[in-house]
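Counting along the sequence shown from 1, when you hit position 23 you're at 24 in this note's numbering, and nothing is skipped either side.
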Amino acid sequence: MESTIVVLGLGSNRSFQNQTPCQLLESACHLLSQKIMDLKASSLYRTAPLYYQNQEDFFNMVVAGRFAGSPRELLTFTQQVEAQLGRDRSREIFKGPRSLDIDIELFGSQRVEDPDLIIPHPGLTERAFVLVPMLEVFFQNADLSINKSFYSECLESLSHQEIVKVQ
2 MESTIVVLGL
12 GSNRSFQNQT
22 PCQLLESACH
32 LLSQKIMDLK
42 ASSLYRTAPL
52 YYQNQEDFFN
62 MVVAGRFAGS
72 PRELLTFTQQ
82 VEAQLGRDRS
92 REIFKGPRSL
102 DIDIELFGSQ
112 RVEDPDLIIP
122 HPGLTERAFV
132 LVPMLEVFFQ
142 NADLSINKSF
152 YSECLESLSH
162 QEIVKVQ
């Protein structure tokens, strides 16, 4: 099966089984690399919560690589990784604290509009915490290509969103 370049946004602001949010993101990258080939990871960024304010800051990053499967198969896989690292959607506040959140931002040039899966991610162009690390990954890896100028322009309008590089 042919592989497709995928972009995933990862975030965490709650510990799980003695792993800090930063350690959970590292664990997620390890697990994701089992099915996403040539996984490239951005730096880690700290951001204030964007939607539900009464929670700790988030640690965010982006990974990109090649996935040999469908968008639905990738969703199933990412939700398995989330669950393995402590996410329980039935017990959380919508947009609230969570041990791990993995969003499918891009799946090649494909568009998906299902009730539980929309690609490109509908919040992609309004989230500095995704655009900054995504552009970092794509500018550092010539073998990956997206419309960098479009996403850079989107980012310019988000200067009010504070994002701090951690590592």
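Ideal Cβ positions, reconstructed from N, Cα and C, are used throughout, including at glycine.
Take the Cβ of residue i as the centre, count every other Cβ of all protein chains shown within 10 Å, and call the residue buried at 16 or more, exposed below.
i	result
residue 19	exposed
residue 28	buried
residue 69	exposed
residue 43	buried
residue 90	exposed
residue 8	buried
residue 21	exposed
residue 47	buried
Should residue i be flagged as near chain D, meaning a C-beta pair shorter than 7 Å?
i	result
residue 130	Given the protein chain composition of this structure (a single chain), no chain D is represented.
With a CB to CB cut of under 6 Å and the five nearest residues on each side skipped, what residues in its chain are close to residue i?
i	result
residue 121	107
residue 119	none
residue 147	139
residue 57	14
residue 109	5, 6
residue 36	78
residue 65	8, 41, 138, 145
Please work out which residues of its chain come closer than 8 Å, Cβ to Cβ, to residue i, disregarding the five sequence neighbours upstream and downstream, and give them in chain order.
i	result
residue 93	99
residue 101	11, 12, 13, 17, 25, 26, 29, 82, 83, 86, 87, 88
residue 95	53
residue 2	69, 70
residue 149	136, 139, 140
residue 112	120, 121
Considering Cα atoms alone, identify which of the options is closest to residue i.
i	options	result
residue 145	154, 135, 49, 151	135
residue 154	142, 168, 167, 133	133
residue 104	97, 115, 80	80
residue 51	114, 97, 39, 111	97
residue 39	115, 124, 142	142
Quick one: residues in its chain with C-beta nearer than 7 Å to the C-beta of residue i, no 5 flanking neighbours on either side, listed in chain order?
i	result
residue 23	45, 60
residue 152	132, 135, 136
Sufficient close CB pairs (3 or more, under 8 Å) joining the stretch 155-166 to the stretch 70-87: no
Length at least 3, wholly inside the stretch 26-70: the beta strand (DSSP E) runs in chain order: 37-42, 46-48, 59-68
Stretch pair the stretch 74-84 + the stretch 55-62: three plus CB contacts closer than 8 Å: no
Cβ contact (3+ pairs, closer than 8 Å) linking the stretch 28-37 and the stretch 123-131: no
Segments of 4+ residues assigned as alpha helix (DSSP H) that fall wholly inside the stretch 96-161: 129-141, 149-157
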